[in-house]
Structures are given as structure tokens and as C-alpha cells.
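In the working numbering, the protein residues as written are 36 to 323.
Cβ atoms here follow ideal geometry from the backbone N, Cα and C, with glycine treated the same way.
Nothing here was measured: the structure is a model prediction, and the numbers come from that model.
The structure appears below as C-alpha cells.
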Amino acid sequence: MNMSTVFLNNAFLPPKQALISPMDRGFLFGEGIYEVIPSYQGTFIGLQLHLNRLFNGLKALDIQNPYSRDKWLSLCQQLVEQNDGDNLAVYIQVTRGSSTIRHHGYNNDLTATIYAFTFSIPTAPLADKRQTNAYTVSTHQDLRWQRCNIKSTSLLGNVMHFQHGIDEGNKETILFNSNQELTEASSSNVFIVKDRTIITPPLDHQILPGVTRYILLEILNKYSQYKVEERKVSHQEVIRADEVWLTSSTKEVAPVIAIENKPVALGEIGDVWLTAQSLFSQYKYLYL
Ligand code: PDD
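This is the structure in C-alpha cells:
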């Protein structure tokens, strides 16, 4: 992990000097918004889209956006320049700030706490069946809150769902709502393929509007021959899919080969995945 310079409240600092108050509402209430933005050799993928989502999240929480878009852009760029590593993700977190008392209600006079750091990420995923990470996943009823479209730092539900998968020897947990419809995974969006149609659940309060999801959908619609649908996906459809994928900023498009210890189709990485990841690898740099 690379953490030689971090950013806290307008200053670039060594990590040990980055200190916040225990009265910060991010600490007390998990009241904040975050982003994870990947960069490869200094080039960000989807930075503007990540900033759009950050701004939307801040608005949803009624936290005033502390910086202009240009300032956010240069902050991200400077952090990558000041830290070593070819492939770095920038983590950004904005909380409402700290107050002298712990009280659920807040005043608008608080000063937001802004924290950002980089961490090393693996080289960009390759569209190569032998070199990609195939995922095995658990499943669980989605027990998170009903505002999952907000990229909130309150991640207890996600953490518990993620760890459930780890405890079962898997690397992710795919979630279903009480109607047995697919929502997303604990830290990724989910796509399925059936009869060469690529399907993912629609955007609503149940899922994060993933930047990778957005870019992939646009690339598939523009550059692939496949039919693409955003619609409800049942549990049965997931179990019977020809392919299942996870998407996130650091995974890009990751194939799932087993769900609850049962193979997805023949338990092999699919050909549609190969096309999708190679198109993603080719066109992602259009999304800066
Ligand atoms: N996770 N859904 C959830 C619940 C997520 O936490 C994430 C990302 C995604 C994918 O979003 P994007 O494509 O914009 O990365 C979907 C990040 C990487 C994290 O929390 O570390």
C-alpha cells in the first residue's frame, strides 16, 4: 500500500500527521460520501463521472461541496504525482465535519472534512481468460438500507455482506432483495449474460450507479453486437445464466464462475466476457 502523501483539509501531509477530531460526524455517524478513482500510469479512468457522483452524493446529504470541479481535478492529479506507483487509486472522503456536541441534527455552519489518499492497485485487468481473476461468490438477501444509490461512507451493511462471502471462502457476495431480484454485490455491480443478451438491473435506490457499469453499458451499446438490457433480473435468471460478471473501478469486468459452490453454466470464463473486457480495455480511455 502506498501512502507517502495524503491530503487533509487543504494540506498535503505525511499520513501520520493527518489527524481528525473524534467528534467528526464521519466518525460518529458515518455521515460522509466517498469515491474510489483508478489511474493507470497517471491517467484516470472516469474521473469526471466519479466527481459527478461525488457531487450528487454531497447534495443528497446536504453537505456543501467544498471545492470547484477544477480544484478536485487538480487535487486528484497532485496526489497521484506525489505518490509512487504506476497504478494508483485515489480515495476521496468528504464528511460533514465535527461539532462540539454529539447530536443527530446538524447546523449548516460546520466545515466539511476532506480526506484523500492513494493506494496501489493491480495493473489494469487483461482480456485474457488465463490471466484474469475468476470469482466465486456467495449470495445473501440484501439487508442494506434503501438509499444504496448514495455512495455513503456508512458501509456496515456492505462490509457484513462482503465478509459473509469471505467467511464462506468466496471473494464477493451477490445480493437479492426480498422479491428475489438481483440488486448488486457488496462492492460491485452485477451483469448476467443469457443467450448472448447482456442484462443488468436498472438504476434505482437499490444499487450504486457504478461508473464502471455506466462506461461498460455505453461501450457495449456503441461497439458490440450484443443486445443489452437494463431490467429486473430474478434469482433464477442469475443461477441459470450463461455468464455472470462483477464490475467495479478496480475490477473492471470480472467473470464469476461459481455461485454458492455451483458452477455458472460450465464453470468456465465466458466468451462474451472476453469481448466485453477487451472492448472495455480498448475504450475506457475515452472516459477521462
Ligand atoms: N466499490 N456497488 C457497490 C456497493 C460498490 O461499493 C461499488 C464500488 C460498485 C461499483 O462502482 P464503480 O464502478 O463506480 O467503482 C457498485 C468501490 C470500488 C469501493 O467501495 O471500494
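Within the same chain, K164, A169, P290 come within 6 Å of I304 by CB-CB distance, once the 5 residues on both sides are set aside. The stretch 37 to 56 makes contact with the stretch 111 to 124, as at least three CB pairs between them are under 8 Å. Taking the Cβ of E219 as the reference point, at least one heavy atom of the ligand PDD falls within a distance shorter than 7 Å. Under DSSP, H175 forms a beta bridge with L210. The set of residues with a C-beta under 6 Å from any non-hydrogen atom of the ligand PDD comprises V71, N193, E219, S222, S223, N224, L243, G245, V246, T247, R248, T282, S283, S284, T285, given in chain order.
In the three-state reduction of the DSSP assignment, D59 falls in the strand class, which pools E and B.
Cβ-Cβ distances below 7 Å link Y322 to I80, G81, L84, I250 in the same chain, with the five nearest sequence neighbours on each side left out; the list follows chain order. Between P298 and R266 the beta-carbon gap is near 25 Å, outside 8 Å, which marks them as no contact.
Between the alpha carbons of L63 and R137 lies a gap of roughly 8 Å. A distance below 8 Å between beta-carbons, with the five flanking residues on each side excluded, links I242 to the following residues of its chain, in chain order: C183, N184, T218, E219, N224, P236. Here the stretch 135 to 153 does not lie against the stretch 251 to 264, with fewer than 3 beta-carbon pairs under 8 Å apart. Judged by DSSP in its simplified three-state form, A46 adopts strand.
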